[in-house]
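Asks: Chains as they are written, first to last, in this note's numbering: chain L, 1 to 351; chain V, 1 to 351.
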């Protein structure tokens, strides 16, 4: 049996813990609710119990290589503290790595605890085992409540100097745009996240411009991104417009990232990324218009809505074979497991 | 005597060639005009003559390690061709590396010719011998007709996959903004370059909003960025407003770069960068407001206009000593020689 590490994804809603072999096989996954109402100690206790259970079980057949934990927020890697964590009340300033190490009672200089931002570990997961597995350099955007992000260079997370590189969600897209929780205005996550899609629908309903959406939202007055996507692919004009608008903003963000980083692959993840055929055409159109680097490196036969599946595999093969490397923008493959793979990987890379 | 390499900076106006020791001492510099009217062969001949002269002279006292040449434009590093070079008519598609190697008749596998984008070599120059010499990771923006850029990671140019990483000038700042030569609208170089300053002044004059600038521009109807800077520091309100506006856009661009890259140091170069005290306060204000990463990592006692000189040195020392690393934004130190140092360095690194 192989050696293994543990990856944890601590979100505002779910707490997921997995044992992953060092060859990248997910051995076992435990999914719990994140019971924030009971306090951070309770959450950390539950996490550590599950980690103990998994490490105890698989330790009998392989070496335990360490644990990586992805948190939503700005993390100070040097001190192991959470600097900013709007979705984890009570965690700001918390010396979370120290607390976990204390509970886990790892022998010194053996298995270690590594804490990371959730966007960074998802990027590493997709690069290690997902959409970017054939590339050593890639970036990923996870579109959810906000926008998570991460840059992987040479198969490792590119941290920048304090572990904060990859804050794509707070890149300004509209200088005079919507206020963001970070203090800025017009941040990408106000326009190209899952919550932005829902908000755009609510605004269209409130303006009386979207009667079909208003009907779909009634009586509970709720309309999620998934329901909107279904309406869009059924041909609802308003829903379609919202996804096209979302695609344009996503393209605008990607255009900047491509111009700055010139990476081989950009992976789009998060639940809303699966609405690809509703937003990809306008995303690619915006990218071609706005990024001089993308225009020079776009795969020749990519045309937006069909830029996945067979053609995507073809472009990847072509990029590798002809040594004419192209910028591939594609969907994530691992879904919500990306963060578990990445967190497990980060523990091994830290050894 | 030390070993040496040759660095070349081929601009639309000047052609400069320097011999630089591998320890980073500029041994000799030749400055010529770039006589584009006589055709690209003439320009390349003049460049190669000067390179032969310098290599012949210093070869007697040290080994010649190669030549690096910085070009304004998008370069395909793999093929040694210029893909896009708006300021060098006739050079697009030109197999420039091959041509230079043919003329220089280097012995095989010995000294080599490396071609690079001018923004990238300037960044490497400032990282090797200039403002960022104490850091191995840094980015530089050169503000001129356009905006040159480069990212240095681990003491080497970060190329991305095709050598195009660092196209900061074409990051979109205003989605519905001014058209740019690259095909996009609202590119950074339309707002935060030296030419943008001059254009903003011309527009203010044309709108009749800047009588003092109109007087200063008459009778030749010319007003350069330097003259505008002098007016600004003499208290001219319109000139001051133009630099503040420029600083805001530069801050907006830097905010995105800091959020994405989280580097230790960002160096601002190009002639207009010396107008620092006219634009730095609004640049820092914008950065603090717009970048969650900058806000978390800004040097505590930086306050814009006095963020240079003694305080800057202090912040660098502090950053190194306390292991609490801060984001330093500072002016370039090497002026137009940055590209020569960087081009010479790139030849040595390529060996």
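A virtual CB, placed ideally from N, CA and C, is assigned to each residue, including glycine. Model, not experiment: these values are computed from the prediction.
Quick check on the burial criterion: 16 or more other C-beta atoms within 10 angstroms. Buried or exposed for residue 162 of chain L?
Replies: Taking the first residue of the first chain as 1, we reach residue 162 of chain L at position 162. With 16 or more Cβ atoms within 10 Å of its Cβ, residue 162 of chain L is classed as buried.
Asks: Could you check whether residue 291 of chain L and residue 366 of chain L sit closer than 8 Å to each other, using their CB atoms as the reference points?
Replies: An answer regarding residue 366 of chain L cannot be provided, because it is not within the stretch 1 to 351 covered by chain L.
Asks: Measuring only between beta-carbons, confirm whether residue 256 of chain L sits less than 8 Å from chain V.
Replies: For the purposes of this step, residue 256 of chain L is taken as residue 256 along the first chain, with counting starting at 1. Taking Cβ atoms only, chain V reaches closer than 8 Å to residue 256 of chain L, which makes this a yes.
Asks: For residue 137 of chain L, does the count of other Cβ atoms within 10 angstroms reach 16, so buried, or fall short, so exposed?
Replies: For the purposes of this step, residue 137 of chain L is identified with residue 137 of the first chain, where counting begins at 1. Residue 137 of chain L is buried by the Cβ-count criterion.
Asks: For residue 352 of chain V, decide whether its Cβ has a neighbour in chain L, counting only Cβ atoms nearer than 8 Å.
Replies: The shown model of chain V, from 1 to 351, leaves out residue 352 of chain V, and the question about it has no answer.
Asks: Cutting at 8 Å between CB atoms, please list the residues of its own chain near residue 181 of chain L, excluding the five before and the five after it.
Replies: The residue you call residue 181 of chain L lines up with position 181 of the first chain. Excluding residues within five positions, the ones whose Cβ falls inside 8 Å are 86.
Asks: Please say whether residue 270 of chain V and residue 142 of chain V have beta carbons closer to each other than 8 Å?
Replies: Position 142 of the second chain, counted from the start, is the residue given in the question as residue 142 of chain V. Position 270 of the second chain, counted from the start, is the residue given in the question as residue 270 of chain V. Yes, they are a contact pair.
Asks: Determine the contact status of residue 340 of chain L and residue 50 of chain L, defining contact as a CB-CB distance below 8 Å.
Replies: Within the first chain, the letter at position 340 stands for residue 340 of chain L. Within the first chain, the letter at position 50 stands for residue 50 of chain L. Not closer than 8 Å, so no.
Asks: Give me the residue from L/249, L/29, L/327 and L/212 with the minimum Cα distance to residue 53 of chain L.
Replies: By one-based count along the first chain, residue 53 of chain L stands at place 53. Of the candidates L/249, L/29, L/327 and L/212, the one whose C-alpha sits nearest the C-alpha of residue 53 of chain L is L/29.
Asks: Tell me the DSSP secondary structure of residue 246 of chain V in three-state form.
Replies: Within the second chain, numbered from 1, the residue matching residue 246 of chain V stands at position 246. Three-state DSSP puts residue 246 of chain V in a helix.
Asks: Touching or not, the region 209-227 of chain L and the region 174-189 of chain L, by the rule of three or more beta carbon pairs under 8 Å?
Replies: Contact fails: fewer than three Cβ-Cβ distances are below 8 Å.
Asks: Are at least three pairs of beta-carbons, each pair with one atom in the region 4-23 of chain L and one in the region 54-72 of chain L, less than 8 Å apart?
Replies: They touch, by the three-pair rule.
Asks: Is it true that the CB of residue 99 of chain L sits closer than 8 Å to the CB of residue 44 of chain L?
Replies: Translated into the one-based positions of the first chain, residue 44 of chain L becomes position 44. Translated into the one-based positions of the first chain, residue 99 of chain L becomes position 99. Yes, Cβ-Cβ distance for residue 44 of chain L and residue 99 of chain L is below 8 Å.
Asks: Could you check where the alpha helix (DSSP H) with residue 199 of chain L kicks off and where it finishes?
Replies: Taking the first residue of the first chain as position 1, residue 199 of chain L is located at position 199. It spans 194-206 - the alpha helix (DSSP H) in which residue 199 of chain L sits, taken as one unbroken run.
Asks: Quick check for students: name the residue ranges of the beta strand (DSSP E) that lie wholly in the region 261-299 of chain V, counting only runs of 3 or more.
Replies: Entirely contained in the region 261-299 of chain V, the beta strand (DSSP E) runs reaching 3 residues are, in chain order, 265-269.
Asks: Between the Cα of residue 242 of chain L and those of L/205, L/256 and L/344, spot the shortest distance and give me the residue it belongs to.
Replies: Residue numbering aside, residue 242 of chain L sits at position 242 when the first chain is read from its first letter. Ranking the options by Cα distance to residue 242 of chain L, first place goes to L/205.
Asks: Taking beta-carbon pairs under 8 Å, can you tell me which members of the region 235-261 of chain L lie near chain V?
Replies: Within the region 235-261 of chain L, the qualifying residues are 252, 255, 256, 257, 259, 260 and 261.
Asks: Once you ignore the five residues that flank residue 274 of chain V on each side, which residues in its own chain have a CB closer than 6 Å to its CB?
Replies: Numbered from 1 along the second chain, position 274 holds the residue referred to as residue 274 of chain V. Excluding residues within five positions, none has a Cβ falling inside 6 Å.
Asks: Can you pull the chain L neighbours of residue 182 of chain V, defined as C-beta to C-beta under 7 Å?
Replies: Your numbering for residue 182 of chain V matches position 182 in the second chain. Chain L residues near residue 182 of chain V: 292.
Asks: Closest Cβ-Cβ distance between residue 138 of chain V and chain L: below 8 Å?
Replies: Translated into the one-based positions of the second chain, residue 138 of chain V becomes position 138. By this cut-off, residue 138 of chain V is not an interface position.
Asks: Kindly provide the ranges of any beta strand (DSSP E) runs that are 3 or more residues long and lie completely inside the region 7-68 of chain L, ordered along the chain.
Replies: The qualifying runs are 14-21 and 26-33.
Asks: Are residue 169 of chain V and residue 120 of chain V closer than 8 Å when you measure CB to CB?
Replies: Counting from one through the second chain, the residue named residue 169 of chain V turns up at place 169. Counting from one through the second chain, the residue named residue 120 of chain V turns up at place 120. No, the Cβ-Cβ distance between residue 169 of chain V and residue 120 of chain V is not below 8 Å.
Asks: Is residue 73 of chain V close to chain L? Criterion is C-beta to C-beta, closer than 8 Å.
Replies: On the second chain, residue 73 of chain V is found 73 positions in, with the first residue counted as 1. Chain L contact via Cβ: absent.
Asks: Against chain V, does residue 321 of chain L count as a neighbour if the rule is that its beta carbon must be under 8 Å from one of theirs?
Replies: Here residue 321 of chain L corresponds to residue number 321 of the first chain, with the count starting at 1. Low confidence applies to residue 321 of chain L: its pLDDT is 41, below 50, so where it sits in the model is not reliable enough to give any reading.
Asks: First and last residue of the beta strand (DSSP E) that includes residue 115 of chain V?
Replies: To locate residue 115 of chain V, count along the second chain from 1; it is residue 115. From DSSP, the beta strand (DSSP E) with residue 115 of chain V extends over 112-117.
Asks: Do we get a CB-CB distance below 8 Å when we pair residue 296 of chain V with the residues of chain L?
Replies: Sequence index remark: in the second chain, residue 296 of chain V carries index 296 (1-based). Answer yes: the Cβ-Cβ gap between residue 296 of chain V and chain L drops below 8 Å somewhere.
Asks: Identify each residue in the region 154-175 of chain V for which the Cβ-Cβ distance to at least one residue of chain L is less than 9 Å, and report them in chain order.
Replies: Those would be 158, 159, 160, 161, 162, 163, 164, 165, 166, 167, 168, 169, 170, 171, 172, 173, 174 and 175, in chain order.
Asks: Using a C-beta to C-beta distance shorter than 7 Å, which residues of chain V count as neighbours of residue 263 of chain L?
Replies: Within the first chain, the letter at position 263 stands for residue 263 of chain L. In chain order: 160 and 161.
Asks: Give me the chain L residues within the contact set of residue 325 of chain V, using Cβ-Cβ distance strictly less than 8 Å, ordered along the chain.
Replies: If you number the second chain from 1, residue 325 of chain V lands on position 325. Those are 161 and 162, listed as they occur along chain L.
Asks: Checking 8 Å against the spacing of the C-beta atoms, do residue 157 of chain L and residue 113 of chain L come in under that value?
Replies: Position 157 of the first chain, counted from the first residue, corresponds to residue 157 of chain L. Position 113 of the first chain, counted from the first residue, corresponds to residue 113 of chain L. Not closer than 8 Å, so no.
Asks: For a contact meaning CB atoms closer than 8 Å, what does residue 83 of chain L contact in chain V?
Replies: By 1-based counting over the first chain, the position of residue 83 of chain L is 83. Chain V residues near residue 83 of chain L: 296.
Asks: If you measure between the beta carbons of residue 11 of chain V and residue 89 of chain V, is that distance less than 8 Å?
Replies: In the second chain, the residue the question calls residue 11 of chain V occupies position 11. In the second chain, the residue the question calls residue 89 of chain V occupies position 89. No.
Asks: Going by C-alpha distance, which of V/325, V/333, V/332 and V/342 is nearest residue 79 of chain L?
Replies: As a working note, residue 79 of chain L is residue 79 in the first chain. When only C-alpha atoms are compared, the closest one is V/325.
Asks: Less than 8 Å between the beta carbons of residue 130 of chain V and residue 338 of chain V, yes or no?
Replies: The residue you call residue 130 of chain V lines up with position 130 of the second chain. The residue you call residue 338 of chain V lines up with position 338 of the second chain. For residue 130 of chain V and residue 338 of chain V, yes; Cβs fall inside 8 Å.
Asks: Below 8 Å between beta carbons: does that hold for residue 283 of chain V and residue 247 of chain V?
Replies: Residue numbering aside, residue 283 of chain V sits at position 283 when the second chain is read from its first letter. Residue numbering aside, residue 247 of chain V sits at position 247 when the second chain is read from its first letter. In this structure, residue 247 of chain V lies closer than 8 Å to residue 283 of chain V by Cβ.
Asks: So, using beta-carbon positions, are residue 342 of chain V and residue 122 of chain V closer together than 8 Å?
Replies: What you label residue 342 of chain V is simply residue 342 of the second chain in a count that begins at 1. What you label residue 122 of chain V is simply residue 122 of the second chain in a count that begins at 1. Yes.
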